[in-house]
Structure formats: structure tokens, C-alpha cells
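Here the protein sequences line up with chains A and B, keeping their order.
Heads up, the first sequence is in numbering that gives the first Met the number 0, so the first residue is 0 and it goes up one at a time.
Heads up, the second sequence is in numbering that gives the first Met the number 0, so the first residue is 0 and it goes up one at a time.
Using N, Cα and C, we set each Cβ at its ideal position, and we do this for glycine too.
It should be emphasised that the depicted structure is a prediction, and the values quoted were computed from it without experimental measurement.
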Amino acid sequence: MKRLVTLTLVLALMLMASVNVFAQGLLEDTVAEKPYRIAVLLKTLANPFWVDMQEGVLEEAERLGVEVDVFAVAQEGDAEEQLRLFENVIAREYDGIAFAPITPVNLIPVISKANDLGIPVVNLDERVPFNTLRDRGAYVYSFVTTNNVLVGEQAAEFVIQKLGPAGGKVAVIEGMAGNVSGDDRRDGFTNRIKQEPGFEVVASQPANWDRTQALNVATNILNRHPDLKAIYACNDTMALGALRAVENLGMDVIVVGTDGVPEAIEAVKEGRLAATIAQDPAMIGKVGLRLLVRALNIPQQVDVPSLVVAE
Amino acid sequence: MKKDLRYYWQRLGTLAIFVLLMIIMGIFSPQYFLSRNNIIQIFLQSSINVLIAIGVFFPILIAGIDLSVGSVLGLTGMVSALLMANGWDMWLALLVGGVLLGAFLGLLNGTLVVATKLHPFIITLGSNMIFRGLTLTISDARPVYNLPRQFSRTIAGYVGAIPVPVIIAISVAIIFAFVTKKTKLGRGIYALGGNEEAAWLSGINTKLLKVVVFVFSGLCAGMAGIVMTARMGAAEPLAGTGYESYAIASAIIGGTSFFGGIGNIFGVVVGALIIGLINNALNILNVQTYMQQIVMGLLIVGSVTLDRLLARGSKGE
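The following block contains the structure:
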């Protein structure tokens with residue numbers, strides 16, 4: 000029963016979240032004016048995250064009536080191979096290209112080549128720094144990714160809902176110090192919690208994305224604050240470590256993770272982990288495709304009728 | 000007088016630093032810090048680092064290094080988990096996938112060091128990447144979980160109030176302290192670390208000993224891998240990444256000389272406990288994340304400097 004309630008709550012929150020946060024700006028009303036040929040270059044298809052993104056892209060392609068080919072390298076680390084793939088894609092004269100770079104810089108040379116040929120490019124998932132691009136005389140049309148500040152805020156919303164008006168003490172387990180996505184999640188969570196009366200972040204400590212360190216850190220925090228009510232971990236690996244600490248101590252503390260890795264989702268179904276804030280890779284792919292279609296819809300030339308001036 | 004201080008400092012200096020830190024933290028932290036429960040936690044949370052630090056102590060003792068211990072820990076933890084997940088008997092899986100595999104990886108390191116005559120820094124820098132890559136490959140970069148419950152209950156359980164990982168770490172420390180102090184092998188390693196040529200001239204098989212120190216290192220990291228997997232009830236493909244730096248810091252804080260020939264197991268264990276103590280205190284005091292690295296760095300540099308200053312007094316005599 001408890002499990003069912005939790006699951007329902009998670010689903011309800013996900014629904015709420017998708018209405019709240021994602022309603023604006025996902026370009027759902029995009030229509031393709033022509034059956035464009037588009038290439039989507041992902042990192043690898045050996046990882047469920049990218050498989051989901053591929054499925055999102057293909058589903059949206061069908062809806063829009065455009066032709067999409069998805070490319071990916073065999074191994075996530077092979078930046079060189081991805082560069083070659085991108086070159087082949089350019090040679091095959093696609094109308095537009097969406098790409099998720101393996102490193103922030105590995106594709107810069109070919110992005111500028113696509114620019115020269117007038118092919119619009121959209122950056123997915125990990126950002127190619129715009130400054131670096133500009134220095135190399137290149138640009139991307141747009142950038143689509145998960146907003147990690149919002150991820151943290153959603154986790155905070157969940158905790159606030161779950162604990163109710165009574166509130167209580169909460170703790171954050173951070174990733175590697177200085178990692179932008181981890182810091183954004185922490186800040187999103189902490190700032191949202193601070194706005195809520197009755198809630199207090201009593202500890203915010205790093206565990207370097209490491210499960211064992213998260214177990215140790217969470218144990219220390221829980222021993223220090225036996226009245227702790229919730230722990231938010233900036234990824235699922237650490238959430239599972241923190242969950243272990245809670246279970247070792249037999250305490251009643253809710254643990255919320257981030258990413259939605261399979262083990263965490265299983266733990267949610269078992270009613271052990273309260274929730275995990277999952278990214279939506281399929282939507283990232285869909286929005287990327289919509290952006291490209293919009294870019295291609297912009298006419299190359301618009302003739303303005305001249306006016307006949309006469310008496 | 001000076002000689003007395005040096006004599007005691009060499010044996011008990013690290014312990015003095017540990018007690019000093021304990022007192023300082025005790026003053027600044029809430030009462031909870033010095034409770035029995037928290038002190039047991041510090042020992043438990045240090046157990047993995049104690050194990051790999053004891054291992055890495057040996058290559059450092061011969062003026063070498065082992066940078067691969069974090070990956071050995073990751074690979075042994077993963078292989079033992081995979082063996083158990085595939086229905087192997089728990090003890091057999093731990094023996095083969097943890098202890099023997101760890102020793103074997105150490106053997107590889109040691110053999111390469113002797114065969115290539117390259118500095119262990121280079122060999123283990125490379126093998127560190129190779130072992131991590133192997134871990135990612137065999138696990139498909141996914142964690143292995145749903146391990147037999149008996150495993151965590153046995154290896155990460157308690158005997159009375161004492162956690163099993165602490166018992167394992169202390170036992171390993173006692174065995175290796177005995178090896179270093181009381182056996183010909185131990186004396187040979189010190190001699191090799193002090194002066195390789197003299198050791199060779201006095202009939203010590205220096206090549207064999209060079210391999211042995213890496214086997215010890217791998218063996219300890221393998222046991223640490225078992226303990227880590229048991230504590231988590233799961234093996235993570237990236238587990239142990241960067242742990243070599245804590246292990247090396249523990250050995251150095253514990254008075255082991257980078258130039259070889261000087262150091263002892265007791266000091267290394269206390270060095271690892273100091274790191275565990277600092278981490279625990281940082282959490283309890285909720286020290287801000289970015290500050291933590293500064294504090295940790297200062298404490299490492301500070302304690303080693305203090306150690307050297309006090310020990311140097313009569314070095315020239």
C-alpha cells in the first residue's frame with residue numbers, strides 16, 4: 000500500500016512537474032514546412048539514456064513528417080570517431096544536424112564547416128562553450144539540455160510535499176566540488192528549501208559522486224542530526240549510498256536521488272528510495288529536432304513586393 | 000634529551016597528532032563527536048583506506064609508488080560481485096575475485112616494474128587506467144547489485160560492537176606489522192628501501208622483493224575491494240576512483256619516507272585514521288564544501304612538516 004502511494008505520488012509529481020516546468024518553451028506547435036532530411040549525432044547507443052533520446056527523436060520525426068538518421072559511436076569515449084562521423088554526415092548533405100558532443104570541444108572544427116555550408120546545427124545535452132565557438136568563427140543555432148537548477152528545485156518540491164507543513168531538517172549530499180551540474184542541483188534544491196518556512200538545510204556535504212563516501216557522509220550527518228527528515232543526493236549513486244546509511248541506522252528518513260538509473264528506479268518501486276529526479280532524454284531529442292525544423296522553416300529569401308507609386 | 004624526543008617521536012609522533020586533532024575537534028564539535036558510537040564510526044569509515052594504505056606503504060618503502068590501488072579495489076570488488084551474482088559460493092568468489100585477483104594484479108605491476116626497469120610511477124599510472132578500463136568493460140559500466148544478503152551481513156556486519164571491516168583491517172595490520180618487524184622478508188624490504196645496491200651486495204634478491212611489495216599492495220587493495228562491496232551491498236564500476244591519493248597521504252602522514260627505508264605499519268594505520276577523523280569532523284561541523292579541500296590539504300602538509308621538523312633534530316648525529 001505504502002509502495003503504491005509512493006509510486007502514485009511520484010507519478011503525480013512528475014505530471015505536475017511536466018505541467019509546471021515544461022509547459023512553456025518546448026515548442027510543441029512546431030510544424031515542418033518541408034520533409035527535411037536531418038541527421039542526429041548522439042554519443043553512443045550502448046547507454047539507455049541515449050537510446051531513450053534516439054526513440055524520442057524518431058517518434059518526433061514521424062510526427063513532423065521529416066526524415067531523420069541517427070548516428071552514434073560504438074564507445075562513449077571515442078571523440079575522434081564522432082568527429083569522423085560528423086564529417087561523413089556533412090558530406091551526405093543533410094539539411095540540418097543535431098549533435099551531442101562527447102567532449103565540449105571535439106566537434107568544433109566540423110561545426111564551423113557546417114556553418115560554412117549553411118547547415119543549421121543544434122547542440123544537445125552537453126554544451127559546447129559559446130565563447131570557444133565564437134573564437135573559432137563557429138556558432139550553433141540553439142542548445143537543449145536538462146536545467147540542473149530546476150532538477151534541484153523539483154527535488155525540493157518533492158521533499159516539501161512529502162514532509163508537509165511540519166517541515167523539518169534536511170541535508171544535501173553534493174557531487175564533486177566545482178562540477179557545474181552538481182552545484183546547480185545543490186543550489187536549486189537549497190534555494191527552494193530556504194523559501195519554505197519550517198524547513199532547514201542543516202548540512203550540505205560533498206561525497207564526490209562516490210557511493211561509499213556517500214554512505215560515510217550520510218552516516219555522519221544522520222548521527223549528528225538524529226531528527227533529520229530528508230536527504231537529497233545530487234546523483235543516484237550517492238543516493239543509494241545514503242539510503243544504505245539510513246537503512247543501517249534504521250531511521251525514518253526519506254532519500255531523494257537524481258538521474259533515474261535502473262537501480263534507483265528499482266529502489267523506488269521497492270519503497271526504499273523516496274524518489275529520483277530523472278532526466279527526460281527523449282524530450283531533449285524531440286526539442287532538438289523541433290528547433291532544427293524551425294530553423295529550416297526560416298526561408299532563405301523573402302521577396303517583399305514593391306509598391307507602385309503613382310498618382 | 001634531543002635524542003629521546005626523536006626516539007619517541009618516530010614511534011609515536013603520528014599518534015600524538017591523532018590525539019591532538021581529536022582533542023581540538025572535541026573542543027570545537029558538539030559533545031557527540033567524542034561518543035563511543037562516533038569513534039567506532041571513524042574506525043569503520045577508515046577501514047578501507049587503512050587496508051589500501053597498508054598495501055601502498057610497501058612500494059613507498061622501497062622508494063616506489065603504487066598509483067593503481069584505487070583501480071585494483073574497483074576491479075576486485077566488481078569481479079567478486081560478478082562471481083557471486085553468477086552463483087559462485089561466496090567465500091570462493093571472495094578468495095578468487097578479491098584476494099587472489101588483487102595479488103595477481105600486484106604481481107603484474109611488480110613484474111612489469113622489474114622487467115622494464117621503469118619507475119613504478121609510470122607503470123602503475125598506466126595499469127591504473129588499464130584496470131579501470133577492465134572494470135568498466137566487464138561490468139558494461141553498470142553497477143552490480145542484488146548480491147547475497149549473507150555477504151554484507153558477514154563481511155560488513157558486527158562482532159559485538161565492533162564492525163567486521165575494522166576487525167579485518169586491524170588483523171591485516173597486525174600480520175603485516177609482524178612481517179615487517181620479525182621476518183627476514185621484512186628486513187630485506189627495509190634494506191632494499193634504504194640502499195638498493197647495499198641490499199643487493201649483501202645477497203638479498205632485490206628483484207624478487209620488488210615484485211613482493213607490489214603483490215602486498217595488490218593483495219591489500221583486493222581485500223579493500225571486498226570490504227567496500229560488502230559495505231555497499233553493490234559493486235560500482237567507478238568505485239575507488241582517486242582513493243590512491245588518500246592511501247598515499249595516509250602513508251606519508253604516518254611517517255613513511257618517500258625516499259624509502261623509513262616508516263612502519265602502525266604509523267600508516269594512524270595516518271589513515273587521521274584522514275578518517277578529519278572527514279568525519281568536516282561532516283559533523285558542516286564545513287563548507289570548497290573549504291574542505293583547503294582544510295584537508297593544510298592538515299596533510301602541516302602534520303608532515305611537523306613530523307619532519309621534530310624528527311630532523313638529530314638526523315646529522
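Legend entry - Within-8 angstroms CB hit, R230/B to chain A: Locating residue 230/B in the second sequence gives position 231, where the first residue counts as 1. Closer than 8 angstroms: yes.
Inset, instruction - List the residues that DSSP assigns as beta-bridge partners of G312/A. - result: Nothing in the structure corresponds to residue 312/A, since chain A is present only between 0 and 310.
Legend entry - In chain order, each alpha helix (DSSP H) run of at least 4 residues that lies wholly inside the stretch 93–177 of chain A: 107–115, 129–134 and 147–162
Legend entry - Between the CA atoms of S302/B and T13/B - distance to the nearest angstrom: If you number the second sequence from 1, residue 13/B lands on position 14. If you number the second sequence from 1, residue 302/B lands on position 303. Using only the alpha carbons, I get a separation of about 8 angstroms.
Legend entry - C-alpha gap between T179/B and N190/A, whole angstroms: For the purposes of this step, residue 179/B is taken as the residue at position 180 of the second sequence. For the purposes of this step, residue 190/A is taken as the residue at position 191 of the first sequence. Approximately 54 angstroms, taken between the alpha carbons.
Inset, instruction - Indicate the three-state DSSP secondary structure (helix, strand or coil) for Q300/A in the structure shown. - result: Taking the first sequence and counting its residues from 1, one reaches residue 300/A at position 301. The answer is coil: DSSP assigns Q300/A none of H, G, I, E or B.
Inset, instruction - Tell me whether E310/A is buried or exposed, calling it buried when 16 or more other Cβ atoms sit within 10 Å of its Cβ. - result: Numbered from 1 along the first sequence, position 311 holds the residue referred to as residue 310/A. The residue is exposed, with fewer than 16 neighbouring Cβ atoms inside 10 Å.
Inset, instruction - Identify, in the order they occur along the chain, each residue of the same chain with its Cβ nearer than 7 angstroms to the Cβ of L133/B, setting aside the five sequence neighbours on each side. - result: Sequence index remark: in the second sequence, residue 133/B carries index 134 (1-based). Excluding residues within five positions, the ones whose Cβ falls inside 7 angstroms are L74.
Inset, instruction - Could I get the ranges of all uninterrupted beta strand (DSSP E) runs contained in the stretch 70–139 of chain B, with 3 residues as the minimum, in chain order? - result: none
Inset, instruction - Compare the C-beta of N108/B against all C-beta atoms of chain A and say whether one is closer than 8 angstroms. - result: Position 109 of the second sequence, counting from 1, holds the residue named residue 108/B. No, its Cβ sits nowhere closer than 8 angstroms to a Cβ of chain A.
Legend entry - Beta-carbon neighbours of V169/A, restricted to chain B and to distances below 7 angstroms: Numbered from 1 along the first sequence, position 170 holds the residue referred to as residue 169/A. Those do not exist, as V169/A stays about 13 angstroms from chain B at its closest Cβ, beyond 7 angstroms.
Inset, instruction - Tell me whether P147/B sits in a helix, a strand or coil according to DSSP, three-state version. - result: What you label residue 147/B is simply residue 148 of the second sequence in a count that begins at 1. Looking at P147/B - three-state DSSP - the assignment turns out to be coil, as it is neither helix nor strand.
Inset, instruction - Find out if the Cβ-Cβ distance for the pair L218/B, V98/B is shorter than 8 angstroms. - result: What you label residue 218/B is simply residue 219 of the second sequence in a count that begins at 1. What you label residue 98/B is simply residue 99 of the second sequence in a count that begins at 1. A contact, by the Cβ cut-off of 8 angstroms.
Inset, instruction - Kindly confirm or deny that the stretch 134–143 of chain A and the stretch 98–113 of chain A touch, where touching means at least three C-beta pairs closer than 8 angstroms. - result: yes
Legend entry - the stretch 115–132 of chain A in contact with the stretch 95–102 of chain A per 3-pair CB rule at 8 angstroms: yes
Inset, instruction - Determine whether the Cβ of M227/B lies closer than 8 angstroms to any Cβ atom of chain A. - result: Your numbering for residue 227/B matches position 228 in the second sequence. Yes, contact with chain A.
Legend entry - Cα-Cα separation, A250/B to E92/A: Here the question's residue 250/B lines up with position 251 in the second sequence. Here the question's residue 92/A lines up with position 93 in the first sequence. Rounded to the nearest angstrom, the two C-alpha atoms are 59 angstroms apart.
Legend entry - Buried/exposed call for L107/B, threshold 16 Cβ in 10 Å: Along the second sequence, one-based indexing puts residue 107/B at 108. It is buried - the Cβ of L107/B has at least 16 other Cβ atoms within 10 Å.
Legend entry - Bounding residues of the beta strand (DSSP E) (the contiguous stretch that carries K42/A): Within the first sequence, numbered from 1, the residue matching residue 42/A stands at position 43. R36 to T43 is the extent of the beta strand (DSSP E) around K42/A.
Inset, instruction - Could you work out which residue in Y231/A, D209/A, P225/A and A244/A is closest to Y242/B when comparing CA atoms only? - result: Here residue 242/B refers to the residue found at position 243 when the second sequence is read from its first residue. Measuring from the Cα of Y242/B, the nearest candidate turns out to be D209/A.
Legend entry - CB of V112/B within 8 angstroms of CB of F258/B, strictly: Mapped onto the second sequence, residue 112/B falls at position 113. Mapped onto the second sequence, residue 258/B falls at position 259. It is not a contact, given that the beta carbons lie outside the stated cut-off.
Inset, instruction - Just the C-alpha distance for E54/A and A273/A, rounded to the nearest angstrom, thanks. - result: What you label residue 54/A is simply residue 55 of the first sequence in a count that begins at 1. What you label residue 273/A is simply residue 274 of the first sequence in a count that begins at 1. Their Cα atoms are separated by approximately 28 angstroms.
Legend entry - Residue environment, V18/A, which counts as buried when at least 16 other CB atoms sit within 10 Å: Along the first sequence, read from residue 1 onward, the residue named residue 18/A stands at position 19. Confidence in V18/A is poor, its pLDDT being 45 and thus under 50, which makes the residue's placement too unreliable to answer from.
Inset, instruction - Please state if the CB of V67/A and the CB of V39/A are separated by a distance shorter than 8 angstroms. - result: Position 40 of the first sequence, counted from the start, is the residue given in the question as residue 39/A. Position 68 of the first sequence, counted from the start, is the residue given in the question as residue 67/A. In this structure, V67/A lies closer than 8 angstroms to V39/A by Cβ.
Inset, instruction - Flag this pair as yes or no: are the beta carbons of V49/B and G221/B separated by less than 8 angstroms? - result: Within the second sequence, residue 49/B is the residue found at index 50, counting from 1. Within the second sequence, residue 221/B is the residue found at index 222, counting from 1. Result no, Cβ atoms of V49/B and G221/B do not sit closer than 8 angstroms.
Legend entry - Residues near V150/A in its chain [Cβ-Cβ closer than 7 angstroms; skip 5 each side]: Within the first sequence, the letter at position 151 stands for residue 150/A. Excluding residues within five positions, the ones whose Cβ falls inside 7 angstroms are R184, G187, T257 and I276.
Inset, instruction - Taking all protein chains shown into account, decide if Q212/A is buried (16 or more other Cβ within 10 angstroms of its Cβ) or exposed. - result: For this step, residue 212/A is matched to residue 213 along the first sequence. Buried, since its Cβ has 16 or more Cβ neighbours within 10 Å.
Legend entry - Unbroken alpha helix (DSSP H) run spanning Q212/A, endpoints: Looking up residue 212/A in the first sequence gives position 213. Q212/A -> alpha helix (DSSP H) spans R210 to R223.
Inset, instruction - Report back the beta-carbon spacing between G202/B and P119/B to the nearest angstrom; my notes put them in contact at under 8 angstroms. - result: Residue mapping note: residue 202/B aligns to position 203 of the second sequence, counting from 1. Residue mapping note: residue 119/B aligns to position 120 of the second sequence, counting from 1. In fact, because the Cβ distance is near 24 angstroms, the residues do not count as touching under 8 angstroms.
Inset, instruction - Answer yes or no: do A160/B and I39/B have a C-beta to C-beta separation smaller than 8 angstroms? - result: Numbered from 1 along the second sequence, position 161 holds the residue referred to as residue 160/B. Numbered from 1 along the second sequence, position 40 holds the residue referred to as residue 39/B. Result yes, Cβ atoms of A160/B and I39/B sit closer than 8 angstroms.
Inset, instruction - Return yes when the Cβ of F150/B is within less than 8 angstroms of the Cβ of M227/B, no when it is not. - result: The residue labelled residue 227/B in the question sits at position 228 within the second sequence. The residue labelled residue 150/B in the question sits at position 151 within the second sequence. No, they are not a contact pair.
Inset, instruction - Would you verify that the beta carbon of N263/B is, or is not, closer than 8 angstroms to some beta carbon of chain D? - result: Absent from the structure: chain D. Protein chains present are A and B.
Legend entry - Nonlocal neighbours in the same chain, by C-beta distance under 7 angstroms from G192/B, ignoring five residues either side: Here residue 192/B is taken as the residue at index 193 of the second sequence, counted from 1. Once the five neighbours on either side are set aside, the close Cβ partners of G192/B are L60, I61, A62, G259 and G260.
Inset, instruction - Kindly examine the ligand SAH and report whether one of its heavy atoms sits closer than 7 angstroms to the Cβ of L74/B. - result: In terms of ligand content, the structure shown is empty, and the ligand SAH therefore cannot be addressed.
Inset, instruction - Specify, as a first and last residue, the run of the alpha helix (DSSP H) that V201/A falls within. - result: On the first sequence, residue 201/A is found 202 positions in, with the first residue counted as 1. From DSSP, V201/A is part of no alpha helix (DSSP H) but of the beta strand (DSSP E) over F198 to P205.
Inset, instruction - Taking P142/B as the query, report the chain A residues whose CB atoms sit under 7 angstroms from its CB, ordered along the chain. - result: For the purposes of this step, residue 142/B is identified with residue 143 of the second sequence, where counting begins at 1. Correct list: E262.
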